[in-house]
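To start, the structure under review is shown below, and the notes come after it.
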Amino acid sequence: MLIVKNTNELFGVGASPGLALGSFRVIEMVEHEDYTQKQIESAEITNEIERIEEATSKAKKQISDIQDKALSTGGTEKAEVMEAHIMILQDPMFLEGFESAVKEKNMTAEGAVQSTVEANAALFESMDNAYMQERAHDIRDIGARIMNALLGIEHPDVSTLSEPTILIAHDIAPSMMASVDQENLLGIVTEVGGKTSHTAILASNMGIPAVMGCAGAVSIAKDIESNDLIYIDGTQGLLKSKLSRDFVEKAKYDIEAEKTIKASLDQFRNRETITKDGTVIQLVANVMGPTEVDAIKAVGAEGVGLFRSEFLFMDRNTLPTENEQFEAYKTVVSGMENKPVIIRTMDIGGDKEVSYLNLEKEMNPFLGYRALRICLSDTEMFQTQLRAILRASAYGKALIMFPMVSSLDEIRAAKEQVDIAKDQLRASGHDFDENIKVGIMIEIPSAAIIADILIKEVDFFSIGSNDLTQYTVAVDRMNQQIGALYNSYHPAMVRLVKAVVDAAQGEDNDKFAGMCGEMAGDPKAALLLVGLGLEEFSVSPAKLLRIRKMISGIDRKYAEKIANEALSLGTASEIEALLVKALPEELKMFL
0 MLIVKNTNEL FGVGASPGLA LGSFRVIEMV EHEDYTQKQI ESAEITNEIE RIEEATSKAK
60 KQISDIQDKA LSTGGTEKAE VMEAHIMILQ DPMFLEGFES AVKEKNMTAE GAVQSTVEAN
120 AALFESMDNA YMQERAHDIR DIGARIMNAL LGIEHPDVST LSEPTILIAH DIAPSMMASV
180 DQENLLGIVT EVGGKTSHTA ILASNMGIPA VMGCAGAVSI AKDIESNDLI YIDGTQGLLK
240 SKLSRDFVEK AKYDIEAEKT IKASLDQFRN RETITKDGTV IQLVANVMGP TEVDAIKAVG
300 AEGVGLFRSE FLFMDRNTLP TENEQFEAYK TVVSGMENKP VIIRTMDIGG DKEVSYLNLE
360 KEMNPFLGYR ALRICLSDTE MFQTQLRAIL RASAYGKALI MFPMVSSLDE IRAAKEQVDI
420 AKDQLRASGH DFDENIKVGI MIEIPSAAII ADILIKEVDF FSIGSNDLTQ YTVAVDRMNQ
480 QIGALYNSYH PAMVRLVKAV VDAAQGEDND KFAGMCGEMA GDPKAALLLV GLGLEEFSVS
540 PAKLLRIRKM ISGIDRKYAE KIANEALSLG TASEIEALLV KALPEELKMF L
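Using numbering that gives the first Met the number 0, you'd call the opening residue of the sequence shown number 0 and step up by one each time.
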């Protein structure tokens, strides 16, 4: 939602944290006219199809070149995004859509591309899922490349920037972000997009501040003198122009202070996470795939607390095979060199959809047929994944975690499937860890309330704070109208976390409770969570060093005192105020 304080200040979505001050460049994409109403004669059909094939090949070559360059410079995340684009370009349904539009509707090559691309993009935009909605940008990015190839237009090139620059555009396509001159890129501002877009993910991985969904940014930029400076805050989602001399000086100071803070965090790489009074905490990372191993090892993660296996099922047209999954899990498990890797079984549904599973549209998808519920229904698919995880466990320390658990019956049914998978692997002669640990996500209030019963059936808990908050306060976290009601510091949420941790610790010393939601990566929450007894924090690699710094500066006994005080408070705002006030002064700058 756009908030306009004045004509020199715009707010959008803080998509990648950080501050930037500098000159800017507006990227204007070529606006293609509408070709969908233009018709051709039947004799021209073959020629138009050949034109599409040539343009598609050219677009694929451009994307492949970007991918090759990314790989040669160590940009695995960029290369992965480009691989997804190549897969879309190779999708028979996508290409057949072009051909059928020419054959059946007598469209020109341009019209066929426009209609097919827009139909596919609209399909993704209609989904109740932020991640899948953002894939529409990828579809349109590919379509724009094909259209430019058809029309002989050069695609915008940002592979070289003449000076340190903030890019402003209606939309910065993922392929453009993957090819950008990273040395001179200070930040990006777009009028569309959000935190889950590929562009935002790439910006975050590159450490580039990004403000997205900032409506009116291009118009504002056109009204600014080309040699003027602009300022962006990728945390607050702010774009500011026509800056006063005092503001520029303050911005420069803040940017240098931010650099100092980042530099000070470097000393926390590859060291134990331990409180001031000697309590050891496991600080592990959330990952989406095997390409992230180097990133999490670079910051010294003590393992993987959440391998989101569902991303192996997305951006494709068929289920991943057992061997495909095995290779992905094996890469991470072996790469972590015997550090724990918790692999969450497929968490599809709710805010994540996969078209080829043909799941019915539901009125309340977050309360519907999703995650473990799908797996226990489609046991063949579940068995394929479990065998792949078990096989990977022979190469390191893998753990299995089930999402969306609401009852003891579900745990027992899932564990039975693990036993069946083990039997199958024994029969086929595959090695695996016979004593692999099995845990569950605590993200449904019913599971949190009976955590003392559930812990008897599993080896560990991982609190999914995002969904647990959503279900506890009955707020759809995607709904902007009621977004302010979604708060993980709600007293009920804090009490549930305490109950889950106590249940895990009360059984025996081999069981633990961790957290893998956004709350675990919130520096302000560190004091509270340590005080509540949380033993494992699983966060994104970008947040790991800051959380290690916070934990290292906290005294466990003092944290317990503050947590007990928080448990007595009646509102989220009171709890947040207490935590900020109680935090040691030397840590407040890291909030």
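Positions of the beta carbon are idealized from the N, C-alpha and C atoms, including for glycine. Here the structure is a predicted model, which means the values were calculated and not measured.
Considering only residues of the same chain and omitting the five flanking positions on each side of residue i, which have a CB-CB separation below 7 Å?
i    : result
V3   : Confidence is the limiting factor: at V3 the pLDDT is only 39, short of 50, which leaves the residue's position unreliable, though a coordinate-based value still follows. Hits under 7 Å: L9.
F97  : I51, A111, V112, T115
F589 : I260, P522, R545, K548, M549
E564 : L577
G334 : V292
Q235 : G13
F511 : F459, A503, E534, E535
P16  : P208, G233, T234
S405 : I443, S445, A446
L264 : L544, R545, K548
What's the C-alpha gap between residue i and residue j?
i    : j    : result
L366 : A262 : 44 Å
L591 : T164 : In this structure the chain extends from 0 to 590, so residue 591 is not present and cannot be described.
A14  : E124 : 19 Å
I138 : R547 : 39 Å
L358 : K241 : 51 Å
A393 : M86  : 31 Å
Y368 : G348 : 7 Å
T290 : E79  : 8 Å
V179 : S445 : 47 Å
T35  : A121 : 16 Å
V579 : K421 : 49 Å
S71  : D64  : 11 Å
Y485 : A524 : 15 Å
L238 : A199 : 16 Å
Q181 : G299 : 24 Å
L371 : R244 : 57 Å
I223 : E43  : 48 Å
I439 : Y470 : 17 Å
I152 : F93  : 22 Å
V474 : N363 : 12 Å
N5   : Y328 : Low local confidence applies: a pLDDT of 49 at N5 is under 50, so the model's placement there is unreliable, and no value is given.
E559 : G532 : 8 Å
How would you call residue i, buried or exposed, if buried means at least 16 neighbouring beta carbons within 10 angstroms?
i    : result
K436 : buried
N322 : exposed
Y252 : exposed
G206 : exposed
D432 : buried
P173 : buried
Y355 : exposed
E309 : buried
M514 : buried
S99  : exposed
V417 : buried
L1   : Here L1 scores only 36 on pLDDT, less than 50, and its place in the model is too uncertain to base an answer on.
A177 : buried
K542 : buried
S161 : exposed
D140 : buried
E30  : exposed
Starting from the C-beta of residue i, find all residues in its chain whose C-beta is less than 8 Å away, skip the five residues before and the five after it, and write them out in chain order.
i    : result
E456 : L407, I410, R411, K414
D509 : D458
L566 : P490, V493, R494, K497
Q324 : S308, L311, T383, Q384, A387, I388
Sorted by chain position, which residues of the same chain lie with C-beta nearer than 6 Å to residue i's C-beta, five sequence neighbours on each side aside?
i    : result
N147 : H154
H489 : V472, A571
N119 : I138
L375 : A412
A19  : I165, L185, G186, P208, I231
T159 : D180
### Query
Fully enclosed by the segment 479 to 554, which beta strand (DSSP E) runs are 3 residues long or longer?
Correct list: 511 to 514, 535 to 538.
### Query
Along the chain, which unbroken stretches of the alpha helix (DSSP H) at least 4 residues long are found entirely within the segment 363 to 419?
For secondary structure counted as the alpha helix (DSSP H) over 4 or more consecutive residues, the segment 363 to 419 holds these complete runs in sequence order: 371 to 376, 378 to 391.
### Query
Any contact of the segment 107 to 115 with the segment 39 to 59, i.e. 3+ C-beta pairs under 8 Å?
Touching, per the Cβ criterion.
### Query
Should the segment 515 to 533 be regarded as contacting the segment 496 to 505, the criterion being three or more beta carbon pairs within less than 8 Å?
Verdict: yes, contact present.
### Query
Are the segment 188 to 196 and the segment 93 to 109 touching by the rule of at least three beta carbon pairs closer than 8 Å?
Fewer than three pairs of CB atoms, one per stretch, sit closer than 8 Å, so the segment 188 to 196 makes no contact with the segment 93 to 109.
### Message
Across the segment 571 to 587 and the segment 306 to 325, are there enough close Cβ pairs to call them in contact, namely three or more that are closer than 8 Å?
### Response
Using a Cβ-Cβ distance cut-off of 8 Å, the segment 571 to 587 and the segment 306 to 325 are not in contact, since fewer than three pairs of beta carbons, one from each stretch, lie closer than that value.
#### Entry: In chain order, each alpha helix (DSSP H) run of at least 4 residues that lies wholly inside the segment 20 to 100
Here the runs fully enclosed are 44 to 71, 75 to 88.
#### Entry: Entirely enclosed alpha helix (DSSP H) segments - the segment 226 to 290, minimum 4 residues
The DSSP assignment places 244 to 264 as complete runs of the alpha helix (DSSP H) inside the segment 226 to 290, in order along the chain (cut-off: 4 residues).
### Message
To test your reading of the DSSP string, which unbroken alpha helix (DSSP H) runs of 4 or more residues are found completely within the segment 196 to 226?
### Response
Runs found: 197 to 205, 216 to 221.
### Task
Ignoring anything shorter than 4 residues or poking outside the segment 137 to 196, list the alpha helix (DSSP H) runs there in chain order.
The qualifying runs are 173 to 178.
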